[in-house]
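Undergrad: First the structure, then my questions, so here it is.
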Amino acid sequence: MIPHPRKPPRRRDHRVILQFDYDCFYAQVFENKNPALRSRPLGVKQKNILATCNYNARNLGVGKLMLISEAKRICPGLVLVDGEDLTPFRDTSKTLFNFLRSHSWTGKVERLGFDEVFMGRRRNYPDHDRVKLTSPDVTDLVDYNILCLNRNSLSESFFHLSEQDPEQGFPCDLNAIAGCVAGSDTAHASLDDHTYLRLLLGSHLAHYLRSKLETDFGYTSTCGISTNKLLSKLVGSCNKPRNQTTLLAWKDDDVVEFMDAHKTRKVPGLGFKTAMLLESHVLGEDIDADSHSFNSLVTVGQVRQHPSMSPAFLETLLKGPGSERGVGARVWGLLHGVDETEVKEASDIPSQISIEDTYKGLETIPHITEELHKLSCSLIRRLRVDLLTADPNAEIPGSRKWIARPKTLRLSIRSWPTRQGPHATQAMNFSRVSRSGPLPPFVFDLETDIDCLAQRLVAEALLPLLRRLQVEQGHNQKWNLQLLNICAANMVAGAADDKLGAGRDIGVMFKHQDEVLRPWKVTQPTDEPSGGAVEDSTKQVPFGDDDDEGDVAWDVMGRGGRGGGHAPFRRPVDLTGVISVAERNDLVTLVSAITEKMHNDISSIFDAPSVSSVRDNGEHDPTWPSLAASRRHEGNETDSQGAVAQSSAVSSSDGSKTYNKVHPIVEKEERDAMTPQLGELRKEALLFFRKWQNVVIQRVREIAVIEPTAPMPAGGARGRGGRGSRGGGRARGARGGAGPGRGGLTLAFGPPRVPVNQMDRELCGMFPPIPNTLWLLHVEKRKLLLHVVLLLVLSLQDYNANARVFLLNLTSALNLTLAIYHGEELRISRALAKLALEYAPRDEAGQKAEEQKGPKRWKVGFSSPNPTSTIASALKAAGIGTINDGMVLSVATVAGLLGPLGDYGHLLGNIFGINAVRPTSKLLEACCKDVFDFAFLRVRDPTHSEYRDMKETPADDRRLRLVLAMSGCFSDVEDVVRPWRFLGDQTESYAVRWDVASITTLGSAVETVIRSTAWANATKEIRSRSLFASLLDNSWPDALLKVSKIIDNPWNWGMVRAEKVGALLADALVRHKFQGERAVSLIGFSLAARAIYTCLMVLAERRQFGLIDSVVLIGTPAPSESRVWLTLKSVVSGRLVNVYSEHDYMLGFLYRTSNVHFGVAGLQEIKGANGVENHCVKYLPRGHLGYQVLTGQILKDIGWDSLDADALKADMAQRRGSGRGRGRGRGGRA
């Protein structure tokens, strides 16, 4: 049965809420300091505004927010006191709040501002759980007194304030409710009604607390008692001051009648704009806050009884960008007195911290900037006072830590209104206008001076917010500000070991862990030589490396680990007869060299060159970064023509000893001069990689190769540990390679070299080969080595982005082609995916939850840790361990190379995200709660089906690499997938569909503006003075500003949704493991690039390294500041490409309301960020909408390694006739 659309919502009366409101709080603070003021009309002024006044002044006609001159005219005897300093109000409010909180057993005490407090008197137990109230452990103050109530002697009742002390409390007469009563008649009251009984006890508790506030502290208050926050606040204002009112409602009609008498704008929780929308609909005319109808008398009854009112209609009326879900039902409930919001538990962390000041009129930007600086200094001081506490776990005594960090910065302004006529005084509007943005993290830097932080906060955060207000109010609008307010809100509690923080302090946890593990930590002696001869060819030690660094990695694994975690494999990986000892040792040496080069590459990311600030015309400007004239020192490059690597670097000094001593010190100081945040990020990124490097090297060292026994010379020792004759025969398994050197311990006769005749010059250009000897082997032997290392890497159960970069470097060093690597990767991925699907647990319809969990150890086929396991045999049958020329590895060897993957079937599924514990359906449900129309669409599937079940994708379509492609601005729904049809089948590609309605709305709006005459004329004017000049000076053609409302709202809404999608995407990769244990590449244009940018920032904040392989950001609406892109690059192991166009005028215009002082990545080259590549698109056929038709050409120009050649040829043939231009090809690194 469908419920009636206008049926009143059900109200639950299982709670008792007390709402305290201190009478004229500011005035009472001064009256307590000077009791003589209590009998006189008193006003508290802030600048030229009367902030508040006592009731003596109000009885004479004085009101709040009145001009001082007008208040003095009405009441010449008004006593004025200065209320600029809020410290006494704040301190007094905390004292009174702590008193009220001490009388709550549940801790549900909520403070609103300085003078309002809500007290929740009951835990949220259903009425049918009344039996639980017999236990004192689960009862609160009022319910405990219900159990102690003596109904035969109500006039001599005693209200207990403590369970332990029966004498702690106060006497009361429970024959009647204390104070005033509203609503139903008390003549029908019965003690058998639990709601009445709770309200009765609650009224006497409120009377007692009000009396204590007045006698002990000297402050009078008003209190409202009801069953929810809405009703208690409304009923509390019925009898002011120094009184209390209880709302009784035996029937729903009593509450509705009570609500109908109130003005719509007085209902808490509606909001001013919502009330205006409701009143406009009821009156049939638009209501402006500045119009004559500002003081509209529309009541709740008029709105509720309107014929069109219903929850469904309210949902339609109030729905819009940023609106909450179910807003119609919530507002419908408020109109009927239904409010399910809970009283928040008491917290020492304020909900927000704000600073404001009023002025006679601020008209110029320099004056506004000066006042913003003063307010910023005060805000930062307040943050340090209210949110800093002593850190008992710090190594340095006296250190402090943040108990909470606000995330949002809000700027509010109020302008002086224009009076309507010479004597008009009632048409003045004092409403505020606010804009919000993220609070910069540098505010929490305790080392920097407050004045410097305030200057930076004004320049980087507050002025951009002010510019947004200026643009939205009108380009030629002159400032005449009456009030400025800056607020730090959206508090996020910090971690702590106590129960007051948001989780456990992980820093303290790891500090304790290090203290426990320190006695067992193994370290290498500093005086031990780093290399030497190998004592025994049967030991698993590479030539020239006899330390035990890899073994230490198993014993001490610190912070930063992720994934299944590799454990030492005691089963030997025996490759005897497959490779020789010399080849094995050289392979270990090569793996060590490649990973060390990768380590140096990560470190060099943060070694950015100095950056100056120059405009396009050559003038100095601190807002647009450009590269300095000096080049970065490149000391680690290798000669691609076969130059011999030198063992020691030659320093470019002037020959003096002083230079040789000082220059390294200067370089070190320059490296350490970066910001503390980047320094910490660098340290943790290198720590994560070093752990992964140690695990990989140790895994390769576990390869066992035993040489056959060779005849010993006369008198020579034989047995274990003995060495064969020097210069003996060729090592076993070294067919086709160079002759062994150094007694068969290495293939090298001299210094290692890089390949001379490179098989894949493009691959060698992207990944310069490391000098080695293995590239001299036969091509089939090199393929075998690549195949072996690929299986060893997979045995770590984590084919992350570092693994892929490592294997590409190995392919280049072995002088193999990229096609060979792709073929090996494809063959292995299909074989692994096939078995993963076969061994994946299947849910049966009638299976119980306990049966679905299964045993802790997998059964036959899943847990047979022996060399002849079923899984290893199946992989061997699928071609794993077989090379083209017939070289075949045994089942035992394949099982040893794969490690646990050859024994446990469920681990294969983990690699591909096939995990019953984290089903894809739950991931999609979590994403769809916050983002409309979210889905992963298969690009290579002709029907572009959605990825809903992890087992749906066939094994032949599974890959060891994922690509997520996102479209960010389009007008046709088909463009969700169409721009990405060029992605090849070497990767498992998905197009991310998100909030299609918002994106198509934006695309249609942009297309409408681009086709307009105003845009054609505006582009000519912008081109004449350059796009960057328009951005910096905020000067745009008037015709363009007139049509800006068409695209500004969809763009701003899209930016909000993009950041939400970016955070959800990071969550999908980190928490839900959508990709399994594989590397992910991200590609996106326009708002999708903004979403990817947000995703990478979240990953960097969470220190999630190794997840992202390569990223291509096209037309990105994000800053181009080098430190921002260094942060992005820290979580991107492969390529990070910024695709931009200096002629994307639409992006510049849309981004004008953002912080343009840090540049726009979609409009300019990224400079000063090592490892970031740039690619310029010189021609956009449709402006900002042109990216969606150029994605294939862009990916081809930047050298994307997985493209569909046939689709590219078809697209090129189609575009060749139109004469569309290209970008400038491969871009350079920043």
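Its first residue numbered 4, the sequence shown is counted upward by one per residue in our numbering.
The beta-carbon is built from N, C-alpha and C at its ideal position, and this holds for glycine as well.
1) Alpha carbon to alpha carbon, how far is Ser1144 from Ala1008? Give it in angstroms, no decimals.
2) What do you reckon, are the CB atoms on Leu338 and Arg307 nearer than 8 Å?
3) What is the DSSP secondary structure of Asn153, reduced to helix, strand or coil?
4) Pull up the CB-CB distance for Leu797 and Leu901, whole angstroms please, since I reckon it's below 8 Å.
5) Sort Val32, Glu159, Ile1111 and Ile383 by Cα distance to Thr451 and report the nearest one.
6) Indicate, with yes or no, if the ligand GTP has a heavy atom lying under 7 Å from the CB of Cys27.
7) Whole angstroms are fine: how far does the CA of His197 sit from the CA of Asp16?
8) When you compare only the Cα positions, how much space is there between Leu251 and Val330?
9) Using CA atoms only, rank isn't needed, just tell me which of Val303, Leu83, Thr598 and Pro774 is closest to Asn51.
10) Could you check how far apart the C-beta atoms of Asn760 and Ala816 are, in whole angstroms? I think they sit under 8 Å.
11) May I have the straight-line CA-CA distance separating Gly1244 from Leu965, to the nearest angstrom?
12) Excluding the 5 residues flanking Leu892 on each side, which residues of the same chain have their C-beta closer than 6 Å to its C-beta?
13) What three-state label does DSSP hand Gly440 in the structure shown?
14) With Ala1071 as the anchor, note down where its alpha helix (DSSP H) starts and where it stops.
15) In the DSSP output, which residue or residues are listed as bridge partners for Ala707?
16) Please identify the residue among Arg961, Gly1171 and Thr392 whose C-alpha is closest to the C-alpha of Ser607.
17) What residue range is occupied by the uninterrupted alpha helix (DSSP H) comprising Met1100?
18) Which class does Gln22 belong to by DSSP, given the choice of helix, strand or coil?
19) Expressed to the nearest angstrom, what Euclidean distance is found between the alpha-carbon atoms of Glu345 and Thr95?
20) Using 8 Å as the Cβ pair cut-off and three pairs as the minimum, do the segment 197 to 208 and the segment 168 to 186 touch?
21) Can you have a look at Glu327 and say buried or exposed, based on whether 16 or more other CB atoms are within 10 angstroms of its CB?
22) Quick one: what's Ala994 bridged to in DSSP?
23) Pairs of beta-carbons, one from the segment 1084 to 1093 and one from the segment 958 to 975, closer than 8 Å: are there three or more?
24) Please return the same chain residues whose Cβ sits closer than 8 Å to the Cβ of Cys183, not counting the five positions on each side in sequence.
25) Using only alpha-carbon positions, find the residue among Cys490, Glu374, Pro353 and Phe447 that is nearest to Ser415.
26) What whole-angstrom Cβ distance do Ser418 and Leu484 have, given they're in contact under 8 Å?
27) Between Asp1070, Lys1076, Val995 and Ser1038, which lies nearest to Leu1090 when the distance is taken from Cα to Cα?
28) Does the Cβ of Thr946 have 16 or more other Cβ atoms within 10 Å, making it buried, or fewer, making it exposed?
29) Comparing C-alpha positions only, which one of Met769, Leu787, Ser948 and Ile368 sits nearest to Leu777?
30) Excluding the 5 residues preceding and the 5 following Tyr950 in the sequence, name in chain order all residues of the same chain whose CB lies nearer than 8 Å to its CB.
31) Taking DSSP as the reference, what is the three-state secondary structure of Trp627?
32) DSSP state of Asp16, grouped into three classes?
33) Can you tell which of Ala1216, Gly1195, Trp482 and Leu750 has its C-alpha closest to the C-alpha of Arg981?
34) What residues match up with Val949 in a beta bridge as DSSP calls it?
35) Leaving aside the five residues before and after Ala839 along the sequence, list all residues of the same chain whose C-beta is less than 6 Å from its C-beta, in chain order.
36) Should Tyr1182 go down as buried or exposed, given a rule of 16 or more other Cβ atoms within 10 Å for buried?
TA: A quick look at the data gives this:
1) 21 Å
2) yes
3) coil
4) 7 Å
5) Ile383
6) Because no ligand of any kind appears in the structure shown, any question about the ligand GTP cannot be addressed here.
7) 9 Å
8) 28 Å
9) Leu83
10) Their Cβ separation, rounded to whole angstroms, is 14 Å, which puts Asn760 and Ala816 out of contact at 8 Å.
11) Any property of residue 1244 remains undetermined from this structure, which presents the chain solely from 4 to 1233.
12) Gly884
13) strand
14) Ser1047 to Val1073
15) Asp577
16) Gly1171
17) Leu1090 to Glu1104
18) strand
19) 25 Å
20) yes
21) exposed
22) Leu940 and Ala968
23) yes
24) Cys241, Asn242, Asn246, Gln247, Thr248 and Thr249
25) Cys490
26) 6 Å
27) Val995
28) exposed
29) Leu787
30) Thr923, Ala938, Phe939, Leu940, Arg941, Thr956 and Tyr993
31) Here the model assigns Trp627 a pLDDT of 47, short of 50, so the residue's position is not dependable and the matter cannot be decided.
32) coil
33) Gly1195
34) A small fix is needed here, since residue 949 is Glu in this sequence, not Val. Bridge partners of Glu949: Leu940.
35) Leu911, Gly912, Phe915 and Ile917
36) exposed
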